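One structure is given below, encoded as structure tokens.
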Amino acid sequence: MTTEAPQSIPTPRVEAPREVEAQVFVAPQWKLVWWKFRKHKMAMVSGVILILIYLVALFADFLAPFDPGLTNSTYLYVPPQSIHADFGEGKPGVYVYGVTSTVDPVALRREFTIDPSQVIPLKFWGRGWEYKLLGIFKTNLHLFGPADPAQPAYLLGADRLGRDLLSRMIMGTRISMSIGLVGVFFSLVLGIFLGGISGYYGGSWDQLIQRLIDFLRSIPSIPLWMGLAAAMPLQWPAQRVYFAITVILSLIGWTSLARVVRGRFLSLREEDFVTAARLDGASQPRIIFRHMLPAFTSHIIASITLAIPGMILSETSLSFLGLGLREPVVSWGVLLQDAQDIRSIATAPWLLIPAIAVVVSVLALNFLGDGLRDAADPYTR
Amino acid sequence: MSHQTLYRFASLLILFAFLLGGCGPAATPTPAQEVPKPTEAPVKPVATEPPVPASKYSEAPALAEMVEAGELPPVEERLPANPLIVEAAEVGEYGGTWRMGMRGGTDDVSFYRILGYETLVRWTPAWDSIVPNLAESWEVSDDATEYTFHLRQGVKWSDGESFTADDIDFWFNDVVSNTDLQATMPAWLTSGGKPVKFEKVDEYTIKFTFEVPNGLFLQNLASPDARSLTNVPKHYAVQYHATYVDAAKLEAMLKEGGYTAWKDMFVAKVVQADGGGMGPYNVAGRPTLFAWMVEEPFSGNATQVTLVRNPYYWKVDQNGQQYPYIDKLVYGVYQDIPTMLLKALNGEIDFQMRHFNTLLNKAVLYDNMVTGDYHLFNLKEAGSNTNVIMLNLNHKDPVMREILQNKDFRIGLSYAINRQDIINTVYVTVGKPSQPAAQEGTPFYNEQLATQYIEYDVDKANEYLDKVLPDKNADGIRLRPDGKPMTIVIEIANAFTQQVDTGNLVAKYWNAVGILTEAKSEDRSLMYENKNNYLHDAYIWGGEGGMNPILDPRNFFPNGNESGYAVGWAAWYQNPADPLAIEPPAEIKAMIDKYNEVKAETTFDGQVAKMNELLQMSADFFPCIGISTVPPSYGIAKNNMHNVPDEMINSWSYPTPAPVNPFTFFFK
Amino acid sequence: MNTSPLLEISGLKTHFFLDEGTVKAVEGADLMVQHGTTVGIVGESGCGKSVTAYSILQLVESPGKIVAGKILWQRPEATGGDLLDLAALKPNSREIHAIRGGEIAMIFQEPLTSLSPIHTIGDQIVEAIRLHRPVSQEEARRQAVQMLQRVGIPRPEERLDNYPFQLSGGMRQRAMIAMALSCHPSLLIADEPTTALDVTTQAQILELMSELQNDFGMSILLITHNLGVVAEMCDQVVVMYLGQVVEQADTVTLFNDPKHPYTQALMRSIPKIGQRRRGRLDPIKGMVPDPYNRPHGCCFHPRCDKFVPGLCDQQEPPLRKLKSGGMVRCVLYGE
Amino acid sequence: MRSYILRRILAMIPTLFLASIVAFVIIQLPPGDFATAYVAGLAANGDIVSQEALESLRADYGLNEPVAVQYFKWMGGILTRGDYGISFEHREPVSALIWERIWLTMWLSLVSVLLTWLIAFPIGIYSAVRQYSAGDYIFTLIGFFGVSIPAFLVALVLMYLQFKYFGKVASGLFSDEFVAAAWSWARIQDLLAHLWLPALILGLGGTAELIRILRANLLDELRKPYVITARAKGLPEWKAILKYPVRMALNPFVSTLGWILPSLISGSIILSQVMNLPTTGPLLLRSLQSQDMYLAGSMILVLSVATVIGTLVSDILLALLDPRIRYQ
């Protein structure tokens, strides 16, 4: 009975849960990623939160009840006004009480007392300040606001110039949530390009780029920012400065992405399907873009997600140093600039609320990135 | 120093005679003739100094112990024959530590304003006349060219060495005249472009001689300009001076200290020729004439600096107690304001009026007065405006230059600003709308200068602007003659929150009248670089010269590079050969001539009259736009600290609080 | 010699509970290992043979779980000699820790990845010895050297301080075996021990295992998809398909007279020496079905060429004992 | 191993050379120079400085010379005499200013790294071993929290709360009595007592990344066959995990030391500014603002060197931990 040649039934390496793969073979990659991603509950929740945050950013001016730049000298540092509701017949529905204020000439501030006789009704689909919805339609329709747009309602309080914090926070979502995207986009281009060269060609290219990364990482980033930010020409409008700052951020940010890309390239280079493509005579760009890049797109997406929070936080740090975005641009970092003195913390703690927005979005992005990363490589378990 | 500072103090002197008789805001000016004129400054000491028998002098217990132990000569021997008697409002007790906060780097002012103001003469606390200090008496020639000073005899440096005319001789010949240490003679030591001549008459007599009359010299001596004069102990300074140390030894010293030039070492160990710098506070036990001497010195790494009483301090109170009352000063070195503010709130700062006392912080300091056991005192600010918007009349772009130089354009912009709204929003209703001008109640008050074009009137604004830029594009933006939209970038130093806020509001108002305006806050050195080379469109800086425009006329005509609206014209005035110089139009030249007339006047009345003519010309020219009068600021003092006045003037020329004699402060 | 079986598995069911559904990786495994014998488990990839092996040692990881069945283990005299149901033990219990490595040892397919790359061979063997025996570090080391020598590793003293990546594939597997046998287990489970090796080394390793089996008097449960290895090594063979044992027989019987249609198909699908070279092999038709949707009735029926409609696809046939002593799960061999 | 270290050290040289150039260029980037900044600073005090004084200041410090000349003077001083130049603002040699601060910065960074590890390690292991469990979510949430809040804000709020409710102001790294004292055991204890809070705030910023790395690595390692081998040997579960996969996952952990240092140093700049810590941060910020060229340049250079050395140390440590690197 030993006449059979030792011939095997073709089979991959055996591991306990491998059995699942039999059917999973046929599913497309995105589906596999999705299946795995689903398991990370926190990432799922975060994904929903982020979609909401980006929707807020998209419809910010529709959601903001007041013009974020509108100052009001009678409501300097007015505390958040609480919402009351009374839906009886002839009743105002949802409303806030008005406040009366006096100036304390010694303490140099306004003192506020709630005036229950003054009822300021709020309503949905109210009219307010004019804006262009999605940059196209000129309108003054807002999700909610005081029924009479001239009456103030500061649901999250006001800042030192009497501007509505809620509106500013909503409007700030736009810049804060996009600064990361733009910055990451540049990091991505640089990171994939240089990381790809480093990982694919290896050798002296790899050495050179690795040294470059080492070098960039060894420079403390804050002096670098300070130097670059101060060097920006005066005549640049706020938008261009904003753009330039994202570029500055990405100048450092690309290194970590390049490392990821390089690592993936290094491991993929040895994979059979790449060898097969090479033996097939496929051109190098084809190997890289057709065969290798798709194999770790999910990794890249995960890395991007994880890079955005860093950018958001960098923006707040730059603002702290007075180097980031500046008024009248509204971003969370700019708003937090107001909160970062003892005076605000002691007497106007509501100015810290934008920090919650930062925390929530950064947390959500982190979890989302984690989920994506867990799911990025669907073929390992 | 710009040489105009020569003149700034003469008038200040007068001014405060009537200003500060009653500090209340309603104080009406007293007639100018009551004011002592600078050239009439007392020849004899003003303070009555009844001779006190030696036995009546007393000293701090710790010093008495040292005398007992034979470590120190008795107080009578340490004090000069005729110590300066400074009457304390309340006779104090010895003891205690005075805690303060300072910032690192160039914050020598924190020392200077508390203890470093020990010059030949000093301002009275009310800033209404000049009184003896290290000079016991002086004579001034009738043409104001010769100043002779008699030094207080027997004054000793804190190490017991005598302070004599030799020290001042060394200061003049080896410090301010040494080109290694000071490239050119400081402006206040020159007149008509010629440096002063110095002569040591005898051990205790010195003489300064000017070629051209200089009526402001005494006032300069009483101001921070002269702070190095009495701060160079020759016996100590020679060991760091290239002239007195042999080359090899100097080389070794430089090498050991890591210095590249001997100037650096001298500045670090002794003093900077112009008086600034940390030199006097960098070396423990450095000989000094100040009330306190350095114990733990300042350095770039210091987290605190301590100073202890100078046993040889040469002032006593009315009971013969040697000053200072307070044993020790402790300065915490803070990197940033929040910690300093928290220390203040927590009652860990005894008296301070720098760094954290911003208008914004007032509310939180006010709220914590009880827990911190301190109170606030008032500082009356000497400025001419909260914000001076300087449009660059020397703009490099010819189109912009022509527009900005058009007075109608500036008038239009001025009408476009809602000043009351800015006051209500940024300054919590304190102050009233005003252009940059001398404060009401001074002899320099010019109603037209202060109040022209300050109403908020958009129609008028458009009317004036239409005269200059009638065309608008589809977005309502006015177009320049070359068809480009009219844009203005207002630069603001980002450290000044209120000016940043004002700038943003101004930008909003100007946008509303069709001028595309952006307020740009930036690091102040960046702003300065742009301003110095007139690369800006406009910038905002606080208004100076509100109490005496003769001393600081920057906002009224282009006198120096702080006149940011016309740096090129100012450069021409300073030196027509300057590469930055631009020849000004006749109007400006007339103002420059007028100012030279002011300087040529030897009497204060004459100076005021000429200056008022100049101010009228300035009002007609309308060089820069202001917002509002300056609200008072404040400082904090612990409730157990006595002799702290409830109100002081706050100025640099009168280096608050030094003239109110911090050595008389005490704890009880 | 003890006549009761060393290991008896009956009705073992191990399922994996995944979000996508429940995978019944083992759905009725019955087998028996007698003292001193070698039993082979063969089957295609995904047939549940590895999971069965892992189940014995309670090594099935979450979300996998043994849901039914018994794994009766005859403990050696030294540890009481009683009969223990391993399936009832908790995966983290002290008993199972004592049995793992001590009474039942296991070796794996990839000796490189199955050995920690950053610990020396010696470290890993000594650890195994000291886990189960109260000996000193020195003594354990001495025993480890002895073990390495026994499995034919030259200069064992030196090798002890080497890292796995410094050894060749064959040497690594020898080291692995040395580690597994260091505590003289009664049963060695070998999970595809030679798959990753080249043919010559394979033969050496198999020979070594036979030798050691004789020396230590242990039983071997050999999991493989290689029928050649089975033929060479095993006394008994268990054929698994889709989580079920479909046939068990002694090796000679199985190869000469396979009963179950699956076994028969398996035999046809492998080349034999002497066959005409150009002759095509006869692969089993169809694909292994989706493990989430096991076919109703006999799970092999969609691929079976002896499929009886209305019978095979209706009810699952039980495992029946044959006169030859073997067992088969097929309606063709009813009563 | 020796040749490996040697190679790495050689590779450092161009990196450091580049770093020195960039350090110098950074300070040259903003318009103006120290003289401008100095004069603007005086102007904010009310003082007026004439154009001539400005020029003489420039002449004093050679600010009118070409940048390249200034660079080579500075570099030449460092390489030949260990002379880092003079701080314009402090009028003190740079070397007198920075070393104590760098020492404290390194302390702060080290304690932060340790705290980061202390927090990230158990959380990372737990959340990998119990992937997708409630504990996984809760602990990673806590771990990520630190990275989500800007450190300076946390510091400010904590300082205020400490003042408000405990009547204490956290400031500096030493109590008053130890500020000027010589180094002693008591002073070190005092330092640690002041250090932990800033170190914790700082460290929290790095935990998230570390947790993520550890978790991801451990998830990979947990699936490796050698873990099953370890279990099959009879190792108890926790021992099997700690000895094998955790030990493996530790390698990338160690290699993080290299990149965590620069981020900690950058982070500590702002934090030190807020919490008034005498580290390099505030001095660096200040010198950048005042364009105190040699001081800023030297500090950037020294910090760069420190991070490059940090990377080297972590690589060597990695080689010691991982025989696969060591034997190659």
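Quick mapping for you: the protein sequence lines, in order, are chains A, B, C and D. According to the working numbering, the residues represented by the first sequence are 1 to 381, in order. According to the working numbering, the residues represented by the second sequence are 1001 to 1668, in order. According to the working numbering, the residues represented by the third sequence are 2001 to 2335, in order. According to the working numbering, the residues represented by the fourth sequence are 3001 to 3328, in order. Using N, Cα and C, we set each Cβ at its ideal position, and we do this for glycine too. Since this is a predicted model, take the numbers as computed values, not measurements.
Alpha carbon to alpha carbon, what distance is there between residue j and residue i?
i	j	result
Leu228 (chain A)	Val1506 (chain B)	28 angstroms
Thr2113 (chain C)	Val2060 (chain C)	18 angstroms
Thr1656 (chain B)	Tyr3038 (chain D)	22 angstroms
Met1102 (chain B)	Val1333 (chain B)	5 angstroms
Ala64 (chain A)	Val359 (chain A)	21 angstroms
Ile3005 (chain D)	Gly3062 (chain D)	40 angstroms
His2296 (chain C)	Met2287 (chain C)	16 angstroms
Ile114 (chain A)	Val1364 (chain B)	22 angstroms
Leu257 (chain A)	Arg1410 (chain B)	53 angstroms
Using a Cβ cut-off of 8 angstroms (strictly closer), state whether residue i contacts chain D.
i	result
Lys1396 (chain B)	no
Met2171 (chain C)	no
Phe2108 (chain C)	yes
Should residue i be flagged as near chain C, meaning a C-beta pair shorter than 8 angstroms?
i	result
Glu3137 (chain D)	Inspection of the sequence shows that residue 3137 (chain D) is occupied by Tyr rather than by Glu. False, the Cβ-Cβ gap to chain C never drops below 8 angstroms.
Glu3177 (chain D)	no
Ala3232 (chain D)	yes
Asp3315 (chain D)	no
With a threshold of 8 angstroms between beta-carbons, can residue i be considered close to chain B, or not?
i	result
Ser361 (chain A)	no
Gly3041 (chain D)	yes
Closest to residue i by C-alpha separation, out of the options, would be which residue?
i	options	result
Leu3195 (chain D)	D:Leu3173, D:Ala3216, D:Leu3214 and D:Arg3212	D:Leu3173
Arg373 (chain A)	A:Leu166, A:Pro309 and A:Phe37	A:Phe37
Leu3204 (chain D)	D:Glu3177, D:Trp3238, D:Ile3026 and D:Ser3109	D:Ser3109
Gly2064 (chain C)	C:Pro2289, C:Leu2332, C:Lys2285 and C:Asp2019	C:Asp2019
Gln207 (chain A)	A:Leu143, A:Ala231 and A:Leu194	A:Leu194
Quick check on DSSP: helix, strand or coil for residue i?
i	result
His1536 (chain B)	coil
Ala2180 (chain C)	helix
Asn1385 (chain B)	strand
Met1353 (chain B)	coil
Ser283 (chain A)	coil
Ser2186 (chain C)	coil
Glu1139 (chain B)	strand
Trp1157 (chain B)	coil
Is residue i close to chain A, meaning its C-beta is less than 8 angstroms from at least one C-beta of that chain?
i	result
Val3254 (chain D)	no
Asp1501 (chain B)	yes
Q: Please determine if the stretch 1519–1539 of chain B and the stretch 1387–1397 of chain B are in contact, where contact requires at least 3 C-beta pairs separated by less than 8 angstroms.
A: Between the stretch 1519–1539 of chain B and the stretch 1387–1397 of chain B there are three or more inter-stretch CB-CB distances shorter than 8 angstroms, so the stretches are counted as touching.
Q: Check whether the stretch 3109–3121 of chain D touches the stretch 3202–3214 of chain D, taking contact to mean three or more Cβ pairs, one atom from each stretch, closer than 8 angstroms.
A: With a cut-off of 8 angstroms, the stretch 3202–3214 of chain D and the stretch 3109–3121 of chain D count as touching, because enough Cβ pairs lie within range.
(Q) Taking 8 angstroms as the cut-off, does the stretch 3124–3141 of chain D touch the stretch 297–310 of chain A (at least 3 CB pairs, one atom from each stretch)? (A) Taking 8 angstroms as the limit for Cβ pairs, the verdict is that the stretch 3124–3141 of chain D does not touch the stretch 297–310 of chain A.
Q. Using 8 angstroms as the threshold, is the stretch 1643–1662 of chain B in touch with the stretch 1105–1118 of chain B, meaning 3 or more CB pairs across them?
A. Output reads yes: the stretch 1105–1118 of chain B touches the stretch 1643–1662 of chain B.
Q: Evaluate the contact criterion for the stretch 3007–3021 of chain D versus the stretch 3272–3290 of chain D: three or more CB pairs, one atom per stretch, below 8 angstroms.
A: The stretch 3007–3021 of chain D makes no contact with the stretch 3272–3290 of chain D: fewer than 3 CB pairs, one atom from each, lie closer than 8 angstroms.
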